[in-house]
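Please read the structure below before turning to the comments.
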Amino acid sequence: MPSTMYALVDCNNFYVSCERVFDPKLCNRPVIVLSNNDGCAVARSNEAKQLGIAMGIPAFQIRDLIRKHNIAVLSSNFALYGDFSNRVMSIIMQSMPEVEIYSIDEAFIDLGSLHSFDIYQMCVDLVRKIETCTGIPVSIGIAPTKTLAKVANHIAKRHGIVERVYYFNSAQQIMQKLANFKVRDVWGIGRQLEKKLLGMGIYTAADLIALPDTTLKHAFNIVMQRTVMELQGIACIELQDDMINKKQIMVSRSFGKRVTELVDLQEAIATYASRACEKLRGQGSVCGGFFVFIHTGLHGSSDTVYHNSIYIKLPSPSADTRTILHLAKHGLAKIFRPGYRYQKVGIILSDFAQAEQLQIDLFAHDNLEHSETLMHTLDEINYKLGKHALQFGAAGLNNSWKMQPGNRSRGYTYCWDELLVAKL
DNA sequence: TCTGGGGTCCTAGGACCC
DNA sequence: TCTGGGGTCCTAGGACCC
């Protein structure tokens, strides 16, 4: 029995499952959820997957398929999904000792301390509890390493396992499954590495772990070596159980329609900079600098495609929206070129430090204490009265550039005016 | 015509220092 | 006049993840 043991809880077709909770008409029929701006499919129900709809496929390419099979098409409703995610994660954390929230719909559990318990049964119970309490179906993979837990989860989802839990508890069983597991489906192997591996005649996870050590070290970097060790059952990737502050914060959106005027781009960047600063203050950080970037559509000829970015260093680290907003607008003006049809702008805050450890700049013009109080008040008001209760004038009011979702579901769990009404 | 919005880690190469 | 080599730090870019 290996000394390490991990479980991966993964919500099935998460966004679609969230939509189905409040709209049962969506059950047992193909459903897809589109990305922001209704660009491409980012979640598919099993029925939609069976029709061959690939992850990330642009919506316009499947228009005929949608009509032919009467597929339900929804715009994404991230506020709703975030809410469901919190519910699912809190149940996992109540039930298990050490949990890492890995993404909006996945969590790793360290089962190392539970050897004396029936961990398989615990996971079966957890699957039932999550579905009963939230309506979201989940699957769980259990294995000695995180990478193998990913594989086990894959099996739990796809092989008609009623309990939706798959447990790797012997080396022979692992080897047998890895022999049929495509190398592309291994956690950490993307498109580029797949291409290289296929070129070397490596098709399955079993082929990969059979690779001689010298070849592995010669042809790949340390990340791949770690992946191989994990597949061999040697745990190299630990649980990250405390919430680590982000090292950079990006806010960016595609426009609802192409934008040509600097004024509109500046409104957008002001909106995104404000949001980014809120997130920054939310984790108690200040930033030392940031990037502003801009680009047209990516698919076009060289005279219609333009992309550029600029780094702006702050005179002293800050989380004051006013400072960052002002500099971001200037930065944007520097990289703006007239005559292009822009698709997107964005801001990436970086070079973080903790606010309380901030060295005070003797020559700073901002009154630090005043700035902190003002920003704190701003955040409080927006928290209490809703996100956009108080905003900066630079962000504009008309926002003709904003995206317009075509078919977003209601704010079932977070908006008083959109709650479901029960009929007596 | 129409193709998301976030993040992380690693590496190679240049700058700089002694 | 001759002009080394190793270490560290930073950055851009590439790969991956969901």
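Under our numbering, the letters of the first sequence match residues 75 to 498, in that order.
Even glycine gets a Cβ: it sits at the ideal position worked out from N, Cα and C.
Everything numeric in this text was worked out from a predicted model, so none of it was measured.
*asked:* For W475, count the other beta carbons within 10 Å of its own beta carbon; 16 or more makes it buried, fewer makes it exposed. Which is it?
replied: Stepping through the first sequence from its first residue, residue 475 is reached at position 401. W475 counts as buried, since at least 16 other C-beta atoms from the protein chains shown sit within 10 angstroms of its C-beta.
*Coil, strand or helix - H369 by DSSP*: The residue labelled residue 369 in the question sits at position 295 within the first sequence. In the structure shown, H369 sits in a strand (DSSP, three-state: E or B).
*Starting from the C-beta of S109, find all residues in its chain whose C-beta is less than 7 Å away, skip the five residues before and the five after it, and write them out in chain order.*
The residue you call residue 109 lines up with position 35 of the first sequence. Counting only Cβ-Cβ distances below 7 Å, and skipping sequence neighbours, we find V116, S150.
*Have a look at G156 and I178 and give me their C-alpha separation to the nearest angstrom.*
The residue labelled residue 156 in the question sits at position 82 within the first sequence. The residue labelled residue 178 in the question sits at position 104 within the first sequence. If I take the Cα positions, the gap works out to 7 Å.
*asked:* Can you find the residues in the same chain that come closer than 7 Å, C-beta to C-beta, to Y385, ignoring five residues on each side of it along the sequence?
replied: For the purposes of this step, residue 385 is identified with residue 311 of the first sequence, where counting begins at 1. If we look at Y385 and ignore the five residues flanking it on each side, its Cβ neighbours are G363, F365.
*Can you find at least 3 beta carbon pairs, one from the stretch 209-224 and one from the stretch 302-319, that sit closer than 8 Å?*
Yes, since at least three Cβ pairs between the stretch 209-224 and the stretch 302-319 fall closer than 8 Å, the two stretches touch.
*Please name the residue or residues paired with G126 in a DSSP beta bridge.*
Walking along the first sequence from the start, residue 126 turns up at place 52. As computed with DSSP, G126 is found in no beta bridge at all.
_Cβ contact check for the stretch 159-176 and the stretch 129-141: 3 or more pairs under 8 Å_ = By the Cβ rule, the stretch 159-176 does not count as touching the stretch 129-141, because fewer than three pairs are nearer than 8 Å.
*Can you say whether R238 is buried or exposed, counting buried as having 16 or more other CB atoms within 10 angstroms of its CB?*
Here residue 238 refers to the residue found at position 164 when the first sequence is read from its first residue. R238 comes out buried.
*Enclosing alpha helix (DSSP H) for L222 [first to last residue]*: On the first sequence, position 148 is the one that residue 222 refers to. Going by DSSP, L222 is part of the alpha helix (DSSP H) stretching over 220-232.
*Is the Cβ-Cβ distance between A344 and F466 less than 8 Å?*
Taking the first residue of the first sequence as 1, we reach residue 344 at position 270. Taking the first residue of the first sequence as 1, we reach residue 466 at position 392. Yes. Within cutoff.
*Nearest neighbour of V90, chosen from H450, K123, V419 [CA to CA]*: As a working note, residue 90 is residue 16 in the first sequence. The shortest C-alpha separation from V90 is found at K123.
*Looking at V333 and Y416, is the spacing between their C-beta atoms short of 8 Å?*
Taking the first residue of the first sequence as position 1, residue 416 is located at position 342. Taking the first residue of the first sequence as position 1, residue 333 is located at position 259. Taking 8 Å as the cut-off, the beta carbon of Y416 is found closer than this to the beta carbon of V333.
*State the Cα-Cα distance for the pair L290 and D259, rounded to the nearest angstrom.*
The sequence position of residue 290 within the first sequence is 216, counting from 1. The sequence position of residue 259 within the first sequence is 185, counting from 1. Taking the straight line from one Cα to the other gives about 19 Å.
*Alpha carbon to alpha carbon, what distance is there between C361 and M324?*
Mapped onto the first sequence, residue 324 falls at position 250. Mapped onto the first sequence, residue 361 falls at position 287. Spanning the two alpha carbons is a distance of roughly 12 Å.
*Among residues of its own chain, excluding the 5 on either side of Q299, which ones have a beta-carbon nearer than 8 Å to its beta-carbon?*
In the first sequence, residue 299 corresponds to position 225, counting from 1. Excluding residues within five positions, the ones whose Cβ falls inside 8 Å are L290, K291.
*How big is the Cα-Cα spacing for G358 and Q428?*
Here residue 358 is taken as the residue at index 284 of the first sequence, counted from 1. Here residue 428 is taken as the residue at index 354 of the first sequence, counted from 1. Spanning the two alpha carbons is a distance of roughly 6 Å.
*asked:* To the nearest angstrom, how far is the alpha carbon of K461 from that of R349?
replied: Taking the first residue of the first sequence as 1, we reach residue 461 at position 387. Taking the first residue of the first sequence as 1, we reach residue 349 at position 275. Computed Cα separation, rounded: 10 Å.
*D84 and E205 closer than 8 Å at C-beta*: In the first sequence, counting from the first residue as 1, residue 84 sits at position 10. In the first sequence, counting from the first residue as 1, residue 205 sits at position 131. By the CB criterion at 8 Å, D84 and E205 fall outside the cutoff.
*asked:* With DSSP as the reference, identify every bridge partner of R327, one or two as the case may be.
replied: Within the first sequence, numbered from 1, the residue matching residue 327 stands at position 253. The partner list for R327 (beta bridge, DSSP) reads V419.
_For S169, report the span of its alpha helix (DSSP H) as first-last._
Working through the first sequence from its first residue, we reach residue 169 at position 95. First-last of the alpha helix (DSSP H) with S169: 152-169.
*Top-ranked residue by Cα proximity to N441, from S390, P98, M274*: Numbered from 1 along the first sequence, position 367 holds the residue referred to as residue 441. Cα-wise, what sits closest to N441 is S390.
*Could you please give me the residues that DSSP links to V147 through a beta bridge?*
Taking the first residue of the first sequence as position 1, residue 147 is located at position 73. Paired residues: I106.
*Rounded to whole angstroms, what's the CA-CA distance from S326 to M477? Just pull it up for me.*
Your numbering for residue 326 matches position 252 in the first sequence. Your numbering for residue 477 matches position 403 in the first sequence. Approximately 12 Å, taken between the alpha carbons.
*Cα-Cα separation between A463 and Y457, rounded to whole angstroms*: Stepping through the first sequence from its first residue, residue 463 is reached at position 389. Stepping through the first sequence from its first residue, residue 457 is reached at position 383. Computed Cα separation, rounded: 9 Å.
*Inter-stretch contact (C-beta, 8 Å, three-pair minimum) for the stretch 408-426 and the stretch 373-382*: The stretch 408-426 is in contact with the stretch 373-382.
*Supposed close pair A226, Y241 - CB separation, criterion 8 Å*: Position 152 of the first sequence, counted from the first residue, corresponds to residue 226. Position 167 of the first sequence, counted from the first residue, corresponds to residue 241. That pair is a contact at about 7 Å.
*asked:* Cutting at 8 Å between CB atoms, please list the residues of its own chain near L188, excluding the five before and the five after it.
replied: Taking the first sequence and counting its residues from 1, one reaches residue 188 at position 114. Contacts found: M79, P171, M196.
*Measure the Cβ-Cβ separation of G215 and S77 and say whether it is below 8 Å.*
Reading the first sequence from its first residue, position 141 is the one you call residue 215. Reading the first sequence from its first residue, position 3 is the one you call residue 77. No, the pair does not count as a contact, with Cβ atoms beyond the cut-off.
_Taking the alpha carbon of D316 as the reference point, which residue from G420, V257, V107, D184 has its own alpha carbon closest?_
In the first sequence, counting from the first residue as 1, residue 316 sits at position 242. Comparing Cα-Cα distances from D316 to each of G420, V257, V107, D184, the minimum goes to D184.
*Starting from the Cα of V201, find the closest Cα among H233, K224, M163, S190 and give me that residue.*
Counting from one through the first sequence, the residue named residue 201 turns up at place 127. Comparing alpha carbon positions, the residue from H233, K224, M163, S190 closest to V201 is M163.
*asked:* Helix, strand or coil, according to DSSP, for G362 in the structure here?
replied: Your numbering for residue 362 matches position 288 in the first sequence. In the three-state scheme derived from DSSP, where H, G and I count as helix and E and B as strand, G362 is classed as strand.
*Check each candidate in S190, F88, V257, L459 and name the one with the smallest Cα separation from L272.*
If you number the first sequence from 1, residue 272 lands on position 198. Here the closest residue by C-alpha is V257.
_What does the alpha-carbon distance come out to for the pair A468 and C92?_
In the first sequence, the residue the question calls residue 468 occupies position 394. In the first sequence, the residue the question calls residue 92 occupies position 18. If you draw a straight line from the Cα of A468 to the Cα of C92, it comes to about 35 Å.
*Hey, I127 and R118 are a contact pair by Cβ (cut 8 Å); roughly how many whole angstroms apart?*
On the first sequence, residue 127 is found 53 positions in, with the first residue counted as 1. On the first sequence, residue 118 is found 44 positions in, with the first residue counted as 1. Their Cβ separation, rounded to whole angstroms, is 5 Å, which keeps I127 and R118 in contact under 8 Å.
_Out of G209, M449, V297, R482, which one is the CA nearest neighbour of S159?_
Taking the first sequence and counting its residues from 1, the one referred to as residue 159 is at position 85. Minimum Cα distance to S159 is reached at G209.
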